[in-house]
Structure formats: C-alpha cells, structure tokens
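S.K.: One structure is given below, represented as structure tokens, and several questions about it will come after.
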Amino acid sequence: MSLYMEAPQKLPDFWLWEERRKKQGLVSFTLELTPRCNNACRHCYINLPAGDGQARERELDFDGIKKIVDEAAELGAMWCLITGGEPLLREDFEDIYLYIKRKGIFVSVFTNATLISEKHVQLFKKYPPRALEITVYGVTEKTYGAVTGKPELFAAFMRGVRLLLDAGVPLSLKTVMIRSNVHEFQEIAAFCRAHSSEPFRFDPFIHLRFDRDEKRNQEIREERLSPEAIVALEHSDSARHDALQKNCEKLVFNEDMDNPEGFLFGCGAGISEFYVNHEGFFMLCASLYGSGLLYDLKNGTIKNALDDFVPKIRAMRTTKTEYMANCGRCRIINLCLWCPAHAFLEMGQLDACVDYFCSVAKERYKKMLL
Amino acid sequence: MEIDVNAVYLPSEDVVARKIDDAFILVPIASGVGSMEDELYTLNETGHIIWEGLAPGRRVVDLAKSLAEEYDASEEEIRQDIQGILTELLKLNMIHKDG
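Taken in order, these protein sequences are the chains called A and B. Mapping of the first sequence onto the working numbering: residues 945 to 1314, in sequence order. Mapping of the second sequence onto the working numbering: residues 99 to 197, in sequence order.
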C-alpha cells in the first residue's frame, strides 16, 4: 500500500491470523456471558429462564470478564465471539462489548434480536461488530412461537431486525432446522437471504444439554430431524450441496483411519482458540462440558490453561473396543456430528458411539455417492 | 491533505495500536476510521517508530529532530517520512490534528 503500511486485510485473511494459527498461537476466544434467555427454545442446550436468579448469581461479573479479556489480548487474541443464552440480557453488555473492542479485538455477537433497543443500534452503528449473527427461528408468529415457546416475542424479533437494518447495521441471519420449523425452511431461507449480505446458513444438528436435564433432553431428541430429512434439506440448498460435493474427497477417507493409539481429539479444540462459560470456566470448545473437562479461570490463567490443561485433555485416549472398531477408524467421520464433546453430552462418555450421529453420516455419504 | 509541520498530530481514540509477536498493527474500532470497519493495518518499522512518537505537545518538526538524532539520519529525510505516513493516517482518520 505504501512505504509505511501494508494494504489492510480483513480477518481471517489477515496474514498474522494464519501465521499464528500455524504456530498454534492464540487467535480467538468465545465468551458466554449468560445461560439465561428470554426465549425458551425447545432445542437449546443451555437456556435458563431470563429471571433465574441463581444462574445470574453465578455469572462472571464485569471485573472477572475484564481479567480474561486483558490476558487474551496480551496473548494475541484478535477476535472474540460474545454469546449466551441471550447476551443482551446482561445490563453491562455495552461495557463488556466496548471493553473488548478497545483492546483492539474484533467482536462478533450472537443474539436473538428481541431485546435490540435504539441504544444498541447506536452502539453497533458507531462501534460496528465484526458480525451480528441472529438466528431466525421462524418468519411467522406461529412457527417462531413453536420453536421458542414465546410467540409474543415474534414482534420484538421483527422489530429488532428492522431497527438494525434501517440503521444500516450489517446482519448475518441464519437458522436452526428442527421439527417445529422445518416446514417453513424455504420462507426462512428467503427471509435470511433478503435481509443479509452474508451467505445463508442453517444448522440441522442440535445437541443435548449441558445440565443433562432429562426432560429437556427428551424435547431435543424429539426436535431432531431424521437423517433422511437432514440430507434432503442439505441437498435442497444448492450452496451447501455444492460445497459437500466439492469437498467430497477431503471429507471422506479412502481407507480406514489409522489411530491405533486411540486418541480421541482429532479436531483443533483448545488450539488457537478457547471458550469461556458464564461462570468463568475455560473450555476447549463450545461443546466440551463436564466434570474434569473444565479449568477455572477465576483461580488460574489462560496461559496455564493453554500450556498445561489443554495438552492433558487432548492427550486423552481410549482402548474401548466399540470405539476402536467404529468411530475410531471411520472413513466418513468428517460427515458425522461425532466428536468426543458431543459423545459426552449424549452418553456421558467421550468415547461413546452415537447411533443417531452414525445414521446421519451414513445417509449423507449415501447421497454423495449418487 | 497537507501536513502542517508546526502542528501536533495525535492518534485517534478510535484506533487501537497493538504489538502481536513482532508485528505492529492498527485496529480501527469505530465507523469512519480506516477504509472498512473490520480491517487491520500493519505498520512497518518506520511507521511504528513514527506512530509511537506521536505525543501531546510534540510537533512534527520536534519529532523529526528527535528521531534524526536518535537514528543518526537527516532531519529532512525523517520529516518526509513523517509527513508521508501522517498523510496516510489522516486520510484514514486514524490521527487528528491537535488543537
């Protein structure tokens, strides 16, 4: 660009992002501000009522969050995702958001948009997020209410989206596809495409709850689409279909995986990125939650977590015959929702095989071959 | 956009300067700063030294003199460098003229 400055680059094309990832240096983290939400979605793995006082008591306060952000910035983090629950329920949301921004860290926010106020709009207009991602549960009150349990919030959702759009705040609209809204898939996709410059994304995979509430887990199981329905949806979306077909060779191995040592973590969890839950526990990723899998940042540092805790978790192995004969060597594991974190949520074991995941993966593979 | 060598220029409050590994980067955090809201800028060593030299009460000529002494270079050459980068930063609203 000039004698003094390189041409500007966006994340993740920024040269330092890639360089640090290669060296396994920290680049990003997620902050879960609260598990509370004003919606009560049937499929949600975390939501607690907005007024849950006990949950609120356990949430990391602003000082605790600042300590984490300060250290993450010192360690070189360039991007932070703020999520929940519904993060806008936090009265100190603006303080937290600006604190992270003023560290020179890009911030993305996941929100349901129902609590968006004129004040939030002005905040996002003046200090733009890298992305503002809103999940569209339905585009009619009936469907929105069937998913969220709060049909009365449909108007608030539409108002929030409208306020942001009118102010020119770029949105990324996406959806989750479950039995309660799948009949509205085309309408939701059209809505997202009409109001967002980002490519439309949908997630048909929902996993079980952190709190292992069996009644709520049963609701989640009931909301899961069948493997056939998931694959049909994926192939009805041309962008997703093309991506799957294009990456077929990368997604499917020609022969069984070689993993005689039984290592469980083939993913990048805890490398270059991490997750902090609302109580200040360090997690390797958004799904790896359970006893022995958390590191308390209230009594420790991110550096210690990355240097000592992460390697111990990632070194975990299994000799379980069922795993070694199936998931541990599976050629289509990359088409599967299986990972140790999801297996743990389903079965309470990191090395458990999960029939539903397996059925989805096989159905996806079958469709790819056609 | 001409740089006044007798004026003081200061970093905008809406830019965060960070050193990550050996890189010195500028991160715009507000609308209207930088060319796009979510882009990062990398300064080279000269740019970095000049950025660090921007301080309240320090005019461009003062900075040029001080850097010329520190780096044993001609004041004129240094002033040209300073004017060059300040022109770019001013266009991007990453600095402002004080007072």
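A virtual CB, placed ideally from N, CA and C, is assigned to each residue, including glycine.
(1) Interface residues of chain B around R1046(A) at Cβ under 7 Å?
(2) Mapping the DSSP letters down to three states, classify P1143(A) as helix, strand or coil.
(3) Given that D119(B) touches chain A, what residues does it touch there, using C-beta distances under 9 Å?
(4) Measure the CB-CB distance between D1200(A) and R1275(A) and report whether it falls below 7 Å.
(5) Please report the straight-line C-alpha distance between G1234(A) and L1241(A), rounded to a whole angstrom.
(6) Please classify I1150(A): does DSSP put it in a helix, a strand, or coil?
(7) Is the CB of Y989(A) under 7 Å away from at least one CB in chain B?
(8) Below 8 Å between beta carbons is the criterion; list the residues of the stretch 130-143 of chain B that meet it against any residue of chain A, in chain order.
(9) Taking just the CA atoms, how far does E1205(A) sit from R1273(A)?
(10) Check the Cβ of G151(B) against every Cβ in chain A and list those closer than 7 Å, keeping chain order.
(11) Should S1052(A) and R1034(A) be called a contact, given that it needs their Cβ atoms to be closer than 7 Å?
(12) Report the CB separation of W1023(A) from I1049(A) in whole angstroms; it is logged as a contact under 8 Å.
(13) How about P1143(A): is its C-beta nearer than 7 Å to some C-beta of chain B?
(14) In the DSSP assignment, what residue or residues form a beta bridge with P126(B)?
(15) Report the three-state DSSP secondary structure of V1105(A) (helix, strand or coil).
(16) How should F1006(A) be labelled, buried or exposed, when 16 other C-beta atoms within 10 angstroms of its C-beta is the threshold for buried?
(17) For Q968(A), which option in A1296(A), E1217(A), A999(A), H1222(A) has the closest C-alpha, if you only look at C-alpha atoms?
(18) What do you get for A1090(A), buried or exposed, if any count of 16 or more other CB atoms within 10 angstroms of its CB means buried?
(19) Between A1100(A), F1149(A), E1131(A), I1078(A), which lies nearest to P1114(A) when the distance is taken from Cα to Cα?
(20) What is the rounded straight-line gap between the Cα of A1100(A) and the Cα of E1062(A)?
(21) Please return the same chain residues whose Cβ sits closer than 7 Å to the Cβ of T1230(A), not counting the five positions on each side in sequence.
(22) In or out: K1086(A) buried (at least 16 other Cβ within 10 Å) or exposed?
(23) If the criterion is Cβ atoms closer than 7 Å, does the pair I183(B) and I148(B) meet it?
(24) Taking DSSP as the reference, what is the three-state secondary structure of L1067(A)?
(25) I'd like to confirm the pairing. Which residues does DSSP put opposite K195(B) in its beta bridges?
(26) Does any C-beta atom of chain A lie closer than 7 Å to the C-beta of G197(B)?
(27) For A1021(A), does the count of other Cβ atoms within 10 angstroms reach 16, so buried, or fall short, so exposed?
(28) Under 7 Å Cβ to Cβ from Y1185(A), same chain only, skipping five residues before and after it: list those, please.
(29) Once the 5 residues before and after A1296(A) are set aside, which same chain residues still bring their CB inside 7 Å of it?
(30) Could you check if K1045(A) is buried or exposed, using at least 16 other CB atoms within 10 Å of its CB as the buried criterion?
(31) From this set, L1250(A), L1281(A), G1292(A), which residue's C-alpha is nearest V971(A)'s C-alpha?
(32) List the DSSP bridge partners of M1227(A).
(33) Taking only beta-carbon positions, decide if G155(B) is within less than 7 Å of chain A.
(34) L1032(A) to A166(B), Cα distance in whole Å?
(35) Using the Cβ count rule (16 or more neighbours within 10 Å means buried), how would you classify K1047(A)?
(36) Between L1313(A) and R1261(A), how many whole angstroms is the CB-CB distance? I'm expecting something under 8 Å.
M.R.: Taking the structure as given:
(1) What R1046(A) touches in chain B: V114, I127.
(2) Of the three classes helix, strand and coil, the one that applies to P1143(A) here is coil, per DSSP.
(3) Neighbourhood of D119(B) in chain A, by CB distance below 9 Å: L960, E963, R964, K967, G969, G1020, in chain order.
(4) Annotated as proximal: D1200(A) and R1275(A), with beta-carbon spacing under 7 Å.
(5) Rounded to whole angstroms, G1234(A) and L1241(A) show a C-alpha spacing of 15 Å.
(6) Coil, per DSSP.
(7) It does not; no Cβ of chain B falls within 7 Å.
(8) Residues passing the 8 Å Cβ filter: G132, S133, M134, E135, D136, E137, L138, Y139, T140, L141, N142.
(9) If you take the alpha carbons of R1273(A) and E1205(A), they lie about 11 Å apart.
(10) Close partners of G151(B) in chain A (Cβ separation under 7 Å) are lacking, with about 13 Å as the shortest Cβ gap.
(11) Not in contact: S1052(A) and R1034(A) (Cβ atoms no closer than 7 Å).
(12) Yes, W1023(A) and I1049(A) are in contact; Cβ-Cβ is about 6 Å, under 8 Å.
(13) So no, P1143(A) is outside the interface.
(14) The beta-bridge partner set that DSSP reports for P126(B) consists of V113(B).
(15) Three-state DSSP puts V1105(A) in a helix.
(16) So F1006(A) ends up on the exposed side.
(17) Of the candidates A1296(A), E1217(A), A999(A), H1222(A), the one whose C-alpha sits nearest the C-alpha of Q968(A) is E1217(A).
(18) It counts as buried.
(19) Ranking A1100(A), F1149(A), E1131(A), I1078(A) by Cα distance to P1114(A) puts I1078(A) first.
(20) A1100(A) and E1062(A) have their C-alpha atoms some 13 Å from each other.
(21) The sequence given here places Ala at residue 1230(A); Thr does not occur at that position. Counting only Cβ-Cβ distances below 7 Å, and skipping sequence neighbours, we find T974, Y1219.
(22) Exposed, because fewer than 16 other Cβ atoms sit within 10 Å of the Cβ of K1086(A).
(23) Going by C-beta atoms, I183(B) is nearer than 7 Å to I148(B).
(24) Of the three classes helix, strand and coil, the one that applies to L1067(A) here is helix, per DSSP.
(25) K195(B) is bridged to Y107(B).
(26) No, G197(B) does not count as interfacial toward chain A.
(27) It counts as buried.
(28) It should be pointed out that residue 1185(A) corresponds to His in this sequence rather than to Tyr. Answer for H1185(A): E1178, H1179, listed in chain order.
(29) Within the same chain, Cβ atoms closer than 7 Å to the Cβ of A1296(A) are found at A1287, E1290, the five residues on either side in sequence being excluded.
(30) Buried: at least 16 other Cβ atoms inside 10 Å.
(31) Among L1250(A), L1281(A), G1292(A), the Cα nearest to that of V971(A) belongs to L1250(A).
(32) In DSSP, M1227(A) forms a bridge with Y1219(A).
(33) Chain A contact via Cβ: absent.
(34) Going from the Cα of L1032(A) to the Cα of A166(B) covers about 51 Å.
(35) Under this definition K1047(A) is a buried residue.
(36) Cβ-Cβ separation between L1313(A) and R1261(A): approximately 32 Å, too far for a contact (criterion under 8 Å).
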